[in-house]
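A.B. asks: Residue numbers (my numbering): 373 to 502.
Quick reminder that beta carbons are idealized off the backbone N, C-alpha and C, glycines included.
Owing to the predicted nature of the structure, the values given are computational and were not obtained by experimental measurement.
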């Protein structure tokens with residue numbers, strides 16, 4: 373019985389590890405005092421984004437452009453305007469969106485970006501109603 377339990381726990385652990393290796397994330401480059409960043413946070417926000425289907429497909433990370441860039445994001449260059457949203461998969465940039473065009477357009481663009489992920493299953497498709 374102990375052997376079966378250990379085997380199941382090991383299999384579960386390895387399965388979870390393989391999921392995290394290929395995970396995608398949406399990186400929001402933010403700047404203190406940025407009015408469009410503040411508008412995004414007020415209209416959508418990190419928690420609401422991450423709770424939705426898009427956030428489950430690519431969880432959001434917020435990075436202050438004035439702070440040192442995390443090691444895993446050093447290869448992402450050319451961030452000038454804020455907010456800039458960069459879709460990253462396996463450490464490389466897949467697509468980006470500069471600016472915040474409003475809630476409805478934002479989610480439409482994010483869905484188009486997510487379509488570019490390898491193995492995208494389209495489970496994040498939603499209809500935004502204002």
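With residue 410 as the anchor, note down where its alpha helix (DSSP H) starts and where it stops.
C.D. replies: Here the alpha helix (DSSP H) through residue 410 covers 407-415.
A.B. asks: Going along the chain, which unbroken runs of the beta strand (DSSP E) with 3 or more residues stay wholly within the stretch 399-467?
C.D. replies: Listed in chain order, they are 432-436 and 456-461.
A.B. asks: Please name the residue in 400, 396 and 395 whose C-alpha comes closest to that of residue 457.
C.D. replies: Nearest of 400, 396 and 395 to residue 457, Cα basis: 400.
A.B. asks: Is it true that the CB of residue 415 sits closer than 8 Å to the CB of residue 481?
C.D. replies: Not a contact, by the Cβ cut-off of 8 Å.
A.B. asks: Considering only C-alpha positions, which residue in the set 471, 478 and 477 is nearest to residue 403?
C.D. replies: The shortest Cα separation from residue 403 among 471, 478 and 477 belongs to 471.
A.B. asks: Select from 468, 486 and 433 the residue whose C-alpha is nearest the C-alpha of residue 425.
C.D. replies: Nearest option by C-alpha distance: 486.
A.B. asks: Considering Cα atoms alone, identify which of 422, 437 and 421 is closest to residue 452.
C.D. replies: Checked all of 422, 437 and 421; the closest Cα to residue 452 is 437.
A.B. asks: Closer than 7 Å: is that where the CB of residue 397 sits relative to any heavy atom of the ligand ADP?
C.D. replies: The ligand ADP is not part of the structure shown, which contains no ligands of any sort.
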